[in-house]
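Position in the sequence shown (first residue = 1) + 22 = the numbering used here.
The beta carbon of each residue, even a glycine, is placed where N, CA and C say it ideally should be.
Encoded as structure tokens, the structure appears first; notes follow it.
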Amino acid sequence: LRTAGASALQQMTGILNTSVNGEYLFAGTNTDVKPIDDFNAAGSPAKAAFDAAFTSYFGFAQTDPAAANITAAQMDNFITTQVEPQFLGSGWQANWSSATDEQITSRISLNETTQTSVSANDQGIRKLAMAAAMVSSLMTGSISEAAQNAVVSRAQTLVGEAIGGITQIRAETGIAQQRVSDASDRMKTQVHLFEKHILDLEGVDPTEAATRVADLTQHIETSFALTARLQQLSLLNYLT
Numbered sequence: 023l024r025t026a027g028a029s030a031l032q033q034m035t036g037i038l039n040t041s042v043n044g045e046y047l048f049a050g051t052n053t054d055v056k057p058i059d060d061f062n063a064a065g066s067p068a069k070a071a072f073d074a075a076f077t078s079y080f081g082f083a084q085t086d087p088a089a090a091n092i093t094a095a096q097m098d099n100f101i102t103t104q105v106e107p108q109f110l111g112s113g114w115q116a117n118w119s120s121a122t123d124e125q126i127t128s129r130i131s132l133n134e135t136t137q138t139s140v141s142a143n144d145q146g147i148r149k150l151a152m153a154a155a156m157v158s159s160l161m162t163g164s165i166s167e168a169a170q171n172a173v174v175s176r177a178q179t180l181v182g183e184a185i186g187g188i189t190q191i192r193a194e195t196g197i198a199q200q201r202v203s204d205a206s207d208r209m210k211t212q213v214h215l216f217e218k219h220i221l222d223l224e225g226v227d228p229t230e231a232a233t234r235v236a237d238l239t240q241h242i243e244t245s246f247a248l249t250a251r252l253q254q255l256s257l258l259n260y261l262t
């Protein structure tokens, strides 16, 4: 289980740190900064904070023989009072995330906007990271079986909640992608009508008409870029 937890955490980190054209997809509006700390990397602030919390709470490290005496109740309390704040509280942005809660809002037509990003600070993502970090760090041979069972129980609950949250994100992303696609189709129709009938209209300022067509074309090009971004967010499928 420990290896599986570490692998899941590594995969999640890789997905959340995905960039396209130099912009990180899951960083909220902070697109030029890698959003998630690599928990498994040497010198990781998130890993250091996790291990320090364990040592401070129990008085010894996870690999210490004394860990064999940890009870299920003690482990459960440790998770609630020490681990949760690191993931679901202020510790997340202190040690884990450089993403913003605010998401990117993009104009998809002349009078319509929609959110076109996802933040790594979403609760579903946090809970998945918490479950994986717990399993990878607390399922050591030194820790008692009862305490390990408590870890597994909490991790299973967290994963169930995370799946629900990430499914909601995927649904919202799908809606945004459809809105972008629909807006693009409408603008293509408008451009076609302008180009088809512009010469038949009397009293039309050619410069103004050309500007109008250029504006619509620019919005269409933007919608193509946004569609590409939203399609990349389908990477969320691999988190669960």
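Considering only residues of the same chain and omitting the five flanking positions on each side of residue 91, which have a CB-CB separation below 7 Å?
-> 166
Excluding five sequence neighbours on each side, which residues of the same chain lie with their C-beta closer than 6 Å to the C-beta of residue 152?
-> 109 and 180
Any contact of the segment 141-150 with the segment 161-175, i.e. 3+ C-beta pairs under 8 Å?
-> no
Run through DSSP, which three-state label would residue 157 get?
-> helix
Is residue 78 buried or exposed, if buried means 16 or more other CB atoms sit within 10 Å of its CB?
-> exposed
Under a three-way DSSP split, which group does residue 102 fall into?
-> helix
In the DSSP assignment, find the alpha helix (DSSP H) that holds residue 37 and state where it starts and stops.
-> 24-38
At least three beta-carbon pairs within less than 8 Å, the segment 66-83 to the segment 93-110 | yes
Residues in its own chain within less than 6 Å of residue 89 by CB, not counting five upstream and five downstream?
-> 164 and 165
Below 9 Å between beta carbons: does that hold for residue 162 and residue 85?
-> yes
Ordered along the chain, which non-local residues of its own chain (more than five positions away) have a Cβ less than 6 Å from that of residue 39?
-> 56 and 58
Residue ranges of each beta strand (DSSP E) run of no fewer than 3 residues wholly in the segment 73-137, ordered along the chain?
-> 127-131 and 134-137
Answer yes or no: do residue 263 and residue 172 have a C-beta to C-beta separation smaller than 9 Å?
-> What the structure shows of the chain is the stretch from 23 to 262, and residue 263 is not part of that stretch, so it cannot be assessed.
Return the CA-CA distance between residue 194 and residue 140, expressed in angstroms with no decimal places.
-> 10 Å
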